[in-house]
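Residue numbers (full-length UniProt numbering): 1 to 279.
Yeah, the Cβ is synthetic: ideal placement off N, Cα and C, and Gly gets one too.
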Amino acid sequence: MINWLQSPKSSVVAQYIDCYWLIEKAPDAQTHQFPILNPDPSAHLILSPSDQPYHYTIDQQVQQGIGSHLLLPHHKAIELDHSKPFIHLGIKLHVGALYSLTIPDCPHPSLDRVNTIDLAVLLNNSDADVTSLIKLAQSDFEACCQQLDDLLLPWLSTATTDRHSELTRKVLSVLGSTPIAELGDKLFCSQRTLERSFNKVTGLTLKQCQSMNKLEAMLEYLYKKELNDIDWLDVAFQFGFSDQPHLIRYLKKTIGLTPNTYAKEGGLTIDVYGGVRSE
1 MINWLQSPKS
11 SVVAQYIDCY
21 WLIEKAPDAQ
31 THQFPILNPD
41 PSAHLILSPS
51 DQPYHYTIDQ
61 QVQQGIGSHL
71 LLPHHKAIEL
81 DHSKPFIHLG
91 IKLHVGALYS
101 LTIPDCPHPS
111 LDRVNTIDLA
121 VLLNNSDADV
131 TSLIKLAQSD
141 FEACCQQLDD
151 LLLPWLSTAT
161 TDRHSELTRK
171 VLSVLGSTPI
181 AELGDKLFCS
191 QRTLERSFNK
201 VTGLTLKQCQ
211 SMNKLEAMLE
221 YLYKKELNDI
231 DWLDVAFQFG
241 FSDQPHLIRY
251 LKKTIGLTPN
261 TYAKEGGLTI
271 DVYGGVRSE
């Protein structure tokens with residue numbers, strides 16, 4: 001489903017942008033019409049044709065509109081409407097990046113929402129043309145990434161940092177390898193201060209973010225496995241679950257599928273929007 005996914009080349013841009021991605025569905029494509037987008041602590045700026053509708057179902061609430069939009073971090077799995085042809089050029093921001101940036105009509109922190117975005121207004125640049133960017137993305141992804149770097153750099157250069165964002169950046173660098181209870185000692189800071197700063201910057205708790213990252217890592221692991229090769233007990237222990245029933249309850253709660261259903265229909269819970277990176 002993903003046509004391509006690339007990291008930014010500019011080191012300044014890369015401080016706030018994780019990757020660029022392109023996803024397109026042709027009129028004759030045989031893909032699942034209502035895939036599920038996994039919980040994600042990152043926001044995505046999604047560039048789309050001005051007349052192209054978008055439709056997200058978040059916790060049974062429909063959020064819809066047309067054109068480019070900002071998909072904010074979300075706790076719950078989201079049902080996407082891919083029943084019609086579409087194209088999206090995506091910009092995946094790092095966790096917590098929104099805290100340092102100015103985005104009109106988007107108070108911070110905002111979660112589980114979709115905001116319509118005018119790219120030229122956001123970047124204060126009348127040359128920021130979504131149509132030409134999408135055409136370039138289809139024909140020359142390297143040139144498109146370079147142009148995105150160039151367009152985003154002035155905006156990202158206005159980003160502000162403070163002690164909360166700096167501490168959160170340090171936390172994120174070790175969150176995947178350090179138990180939450182040990183973060184305070186590792187970063188020479190009280191646990192309460194860590195939690196408060198992290199929540200202020202991301203809108204999430206440390207546990208919520210760690211859980212989302214664990215889910216992504218697990219689904220990426222399963223994505224690359226054949227159904228017959230999956231040992232669910234081994235998966236449960238590998239990703240920190242006490243037993244297989246614990247894993248089943250977790251997947252059912254977060255993505256609405258049991259492990260076996262996910263394995264059989266892995267393409268339904270997919271990595272669109274800058275997720276699993278194919279090798």
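What are the boundary residues of the beta strand (DSSP E) that residue i is part of?
{"i": "residue 85", "result": "Counting along the chain, residue 85 falls outside any beta strand (DSSP E), and DSSP gives it neither H nor E."}
{"i": "residue 44", "result": "44-47"}
{"i": "residue 53", "result": "53-58"}
{"i": "residue 114", "result": "114-116"}
Output the distance between the C-alpha atoms of residue i and residue j, rounded to the nearest integer angstrom.
{"i": "residue 178", "j": "residue 234", "result": "21 angstroms"}
{"i": "residue 166", "j": "residue 21", "result": "27 angstroms"}
{"i": "residue 223", "j": "residue 241", "result": "19 angstroms"}
{"i": "residue 106", "j": "residue 98", "result": "9 angstroms"}
{"i": "residue 162", "j": "residue 149", "result": "24 angstroms"}
{"i": "residue 62", "j": "residue 69", "result": "15 angstroms"}
{"i": "residue 55", "j": "residue 188", "result": "44 angstroms"}
{"i": "residue 13", "j": "residue 156", "result": "7 angstroms"}
{"i": "residue 86", "j": "residue 57", "result": "17 angstroms"}
{"i": "residue 94", "j": "residue 29", "result": "31 angstroms"}
{"i": "residue 182", "j": "residue 121", "result": "43 angstroms"}
{"i": "residue 47", "j": "residue 90", "result": "6 angstroms"}
{"i": "residue 247", "j": "residue 5", "result": "30 angstroms"}
{"i": "residue 258", "j": "residue 228", "result": "16 angstroms"}
{"i": "residue 170", "j": "residue 103", "result": "24 angstroms"}
{"i": "residue 10", "j": "residue 243", "result": "44 angstroms"}
{"i": "residue 116", "j": "residue 231", "result": "43 angstroms"}
{"i": "residue 32", "j": "residue 81", "result": "9 angstroms"}
{"i": "residue 164", "j": "residue 84", "result": "42 angstroms"}
{"i": "residue 125", "j": "residue 18", "result": "22 angstroms"}
{"i": "residue 7", "j": "residue 92", "result": "10 angstroms"}
{"i": "residue 101", "j": "residue 194", "result": "21 angstroms"}
{"i": "residue 173", "j": "residue 220", "result": "20 angstroms"}
{"i": "residue 129", "j": "residue 119", "result": "8 angstroms"}
{"i": "residue 123", "j": "residue 78", "result": "28 angstroms"}
{"i": "residue 180", "j": "residue 186", "result": "10 angstroms"}
{"i": "residue 154", "j": "residue 261", "result": "45 angstroms"}
{"i": "residue 160", "j": "residue 108", "result": "14 angstroms"}
{"i": "residue 147", "j": "residue 255", "result": "35 angstroms"}
{"i": "residue 323", "j": "residue 216", "result": "Nothing can be reported for residue 323, as the shown portion of the chain is limited to 1 through 279."}
Start and end of the alpha helix (DSSP H) containing residue i?
{"i": "residue 162", "result": "Looking at the DSSP string, residue 162 is not in any alpha helix (DSSP H), and its letter there is neither H nor E."}
{"i": "residue 156", "result": "141-156"}
{"i": "residue 126", "result": "Run containing residue 126: none; DSSP gives neither H nor E here."}
{"i": "residue 234", "result": "232-238"}
{"i": "residue 183", "result": "183-186"}
{"i": "residue 198", "result": "191-202"}
Report all residues from its chain with a CB closer than 6 angstroms to the CB of residue i; omit the five preceding and five following residues, and keep chain order.
{"i": "residue 158", "result": "none"}
{"i": "residue 67", "result": "48, 50"}
{"i": "residue 114", "result": "56, 63, 69, 71"}
With a threshold of 7 angstroms on Cβ separation, who are the neighbours of residue i within its own chain once the five nearest residues in sequence on each side are excluded?
{"i": "residue 75", "result": "39, 111, 112, 208"}
{"i": "residue 41", "result": "73, 95, 202, 204, 209, 212"}
{"i": "residue 3", "result": "22, 23, 24"}
{"i": "residue 184", "result": "190, 191, 194"}
{"i": "residue 176", "result": "213"}
{"i": "residue 168", "result": "96, 197, 198, 201, 202"}
{"i": "residue 52", "result": "66, 67, 86"}
On the three-state DSSP scale, how would you describe residue i?
{"i": "residue 20", "result": "strand"}
{"i": "residue 226", "result": "coil"}
{"i": "residue 66", "result": "strand"}
{"i": "residue 108", "result": "coil"}
{"i": "residue 92", "result": "strand"}
{"i": "residue 15", "result": "coil"}
{"i": "residue 246", "result": "helix"}
{"i": "residue 40", "result": "strand"}
{"i": "residue 76", "result": "coil"}
{"i": "residue 25", "result": "strand"}
{"i": "residue 30", "result": "coil"}
{"i": "residue 257", "result": "coil"}
{"i": "residue 101", "result": "coil"}
{"i": "residue 71", "result": "strand"}
{"i": "residue 251", "result": "helix"}
{"i": "residue 175", "result": "coil"}
{"i": "residue 5", "result": "strand"}
To which residues of the same chain is residue i closer than 8 angstroms at the C-beta, ignoring the five residues directly before and after it?
{"i": "residue 214", "result": "239, 240"}
{"i": "residue 59", "result": "76, 112"}
Margin query: Quick test of the definition: if touching needs 3 or more C-beta pairs under 8 angstroms, does the segment 190-207 touch the segment 133-150?
Written below: no
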